[in-house]
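Chemist: If you count by the working numbering, then the sequence shown holds residues 4 to 489, one letter each, in order. Built from N, CA and C at the ideal position, the CB exists for glycine as well. Here the structure is a predicted model, which means the values were calculated and not measured.
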Amino acid sequence: MSALRYYVQTMGCQMNVHDSDRMGDALRAHGWTETSGPEDADLVVFNTCSVREKAEQKLRSELGKLAPLKKAKPELVVAVAGCVAQQEGEKLLGRNPHLDLVIGPDNIPELPRLALDQRNGALPTARTVFDYDAPQFLAAQPSAIEPTRAPVSAFVTTMKGCDERCSFCIVPYTRGSERYRPSAEIIAEVQAWVSAGVREITLLGQTVDSFRDDALPPPASDDPDETQFPELLRAIAREVPALARLRYTSPHPRHLTASLIAAHRDLPVLAAHVHMPVQSGSNRILKRMIRRYTREEYLDRISRLRGAVPGLTLSSDFIVGFPGETDADFEETLALVAEAGFTSLFAFKYSPRPFTPALKLGDDVTEEKKSERLQRLLAQVEAQQSAHLATVVGTEVSVLVEGLSKTAADGTLTSYQGRTSRNEIVHIPDCGRALIGEVVRVQVTEAFRHSLRGDIHPSEISRLAPKSSERRTKRSLALVPAPTAG
Ligand code: SF4
């Protein structure tokens, strides 16, 4: 009998991308093989997000599109995973007659068995139980990857769930309370990725910097916002010296403490870029959002971080049109964006989410106003990004090359693409050498709206292997990871 085939469609954040990868690992370990589309699949999984309303609408539309295929092929197993699955549970089965399986983020290890049960005629099932008693973190299997196909960057989960209760956010409901992965497991996975050829690791968690593990030294002070995340960073830097770059997403500004700032100062492996969600520049709105910091505290913390790491760049997340947000509140947001000097950001229009405390605040900002504010915010950060990129022209930067950038019409390669430690995207013309996965010195010659162009320093050419030995990375470029929450 030929192997069963699966297809996973991912919606939402990097946490979901990571969960989809782990679903693939679990299924392949049970003999399934991946296929490139639903038409050839025996199992289709929609891995969903419910942080914003649009992702849920997309699920409804995708399920609708799949209905004719399911009708023609009734043995096809259709599953919904991720946050919408956790949020809606059995109700999803009732609303979607061609849906077979609803599976929560903590139940991914059970996916192969549950999918097989469905193929064997089990009744439609919803399995959405949090693993509080024995938290499980699905480990990646880097050793199974052929060396020539190792990705340049990989994500490693450090924690799951969230103990914050931001009033707009559904994550505490869909991902549960915080659970931390043992640091030894995290370090072992980082080591395994690096041994497989990965150069850059991004630590992943809903509030990644709230990390705790009794096996690590205790926080350096009795500041209640101190955690053991800085110690985790130090342990990774110490135990995996071959790692080229270390990033993390998404932190909560509360935990940008003196210890975390000191870790940035001391560890060259830590990227000189931090994505630090702020959500609003108005204290009145931050309070209604239950963010537990003021704009002054936020600005003070990032200014201390910048003091410790000169040249560090920052990006952030914003919600516009939160209930009660006035024009004056929004002007404060624009002023904060300017003062913080963000070089990029993710911004979304507020949409009420089920089970969130903000529901009782209504949704009083008109759609027109939300759109207008979103456009102004994006225009401002785009101008800041362009101005920043212009300052980099003429300098020499270190670029981790992540993949191919452009190919000509005949398919020949014309340039590569990579990122600096500060998260600037750099295009590098082909120089006849194998560049993917290399950290190279580049002279920046030109700035575009969102990226840079530069030439490899001539002294680098001789140490690089010929292009014939180029690695073929599996993962497509995800140059700016979408936020996981924070
Ligand atoms: S926005 Fe981030 S910190 Fe706030 S509740 Fe959601 S996941 Fe937690």
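Excluding five sequence neighbours on each side, which residues of the same chain lie with their C-beta closer than 6 Å to the C-beta of glutamine 12?
Modeler: Result list for glutamine 12: Phe49, in chain order.
Chemist: Report the start-end ranges of each alpha helix (DSSP H) in the segment 321 to 354 that is 4 residues or longer and not cut off at the edges.
Modeler: You should have 330 to 343.
Chemist: Glutamine 209: beta carbon under 6 Å from a heavy atom of the ligand SF4?
Modeler: For the ligand SF4, at least one heavy atom lies less than 6 Å from the Cβ of glutamine 209.
Chemist: So what's tyrosine 176 in DSSP terms, helix, strand or just coil?
Modeler: If DSSP states are grouped into helix, strand and coil, tyrosine 176 belongs with the helices.
Chemist: Would you report the Cα separation of lysine 470 and leucine 141, rounded to the nearest angstrom?
Modeler: So the alpha carbons of these two residues sit roughly 35 Å apart.
Chemist: Quick one: what's got a C-beta closer than 6 Å to tyrosine 492's C-beta in the same chain, skipping five residues either side?
Modeler: Missing from the structure shown is residue 492; the chain here goes from 4 to 489 and no further.
Chemist: Answer with buried or exposed for glutamate 441, where buried requires no fewer than 16 other C-beta atoms within 10 angstroms of its C-beta.
Modeler: By the neighbour-count rule (16 or more Cβ atoms within 10 Å), glutamate 441 is buried.
Chemist: Ignoring anything shorter than 3 residues, give me the beta strand (DSSP E) runs that lie fully in the segment 46 to 70, in order along the chain.
Modeler: Entirely contained in the segment 46 to 70, the beta strand (DSSP E) runs reaching 3 residues are, in chain order, 46 to 51.
Chemist: Using the DSSP secondary-structure output, state which residues sit across from leucine 317 in a beta bridge.
Modeler: According to DSSP, leucine 317 bridges with Val277.
Chemist: Quick one: what does DSSP say glutamine 282 is sitting in, helix, strand or coil?
Modeler: Strand.
Chemist: Taking all protein chains shown into account, do 16 or more other C-beta atoms lie within 10 angstroms of the C-beta of valine 155, making it buried, or fewer, making it exposed?
Modeler: Buried, because 16 or more other Cβ atoms sit within 10 Å of the Cβ of valine 155.
Chemist: For asparagine 123, count neighbouring C-beta atoms within 10 Å of its own C-beta (all shown protein chains included) and say buried if the count is 16 or more, exposed if not.
Modeler: Exposed is the call here.
Chemist: If I'm right that arginine 168 touches isoleucine 293 with Cβ under 8 Å, what's the distance once you round it to whole angstroms?
Modeler: Sure, about 6 Å apart at Cβ, within 8 Å.
Chemist: Quick check on this structure: which residue in Arg444, Ala266, Thr316, Asp303 has the alpha carbon closest to the alpha carbon of threonine 394?
Modeler: Measuring from the Cα of threonine 394, the nearest candidate turns out to be Thr316.
Chemist: Work out the CA separation of alanine 361 and serine 170 for me, nearest whole Å.
Modeler: For serine 170 and alanine 361, the distance between alpha carbons rounds to 5 Å.
Chemist: Based on the DSSP secondary-structure assignment, which residues constitute the bridge partners of tyrosine 296?
Modeler: Answer is none; tyrosine 296 lacks a bridge partner.
Chemist: Work out the CA separation of glutamine 144 and histidine 258 for me, nearest whole Å.
Modeler: Cα to Cα, histidine 258 sits roughly 31 Å from glutamine 144.
Chemist: Near histidine 391, which residues of its chain fall below 6 Å by C-beta distance, leaving aside the five closest residues on each side in sequence?
Modeler: The answer, listed in chain order, is Thr346.
Chemist: For a test of the three-state rule: what should DSSP assign to arginine 478, helix, strand or coil?
Modeler: Only weak support exists for where arginine 478 lies, its pLDDT of 46 falling under 50; the coordinates are left without a value.
Chemist: In terms of residue numbering, what span does the alpha helix (DSSP H) encompassing proline 432 cover?
Modeler: Here proline 432 belongs to no alpha helix (DSSP H); instead the beta strand (DSSP E) covers 428 to 432.
Chemist: List in chain order: all unbroken beta strand (DSSP E) runs of 3+ residues lying wholly within the segment 106 to 150.
Modeler: You should have 128 to 130.
Chemist: Hey, out of Thr369, Leu348, Ala343, whose CA is closest to proline 355's CA?
Modeler: Here the closest residue by C-alpha is Thr369.
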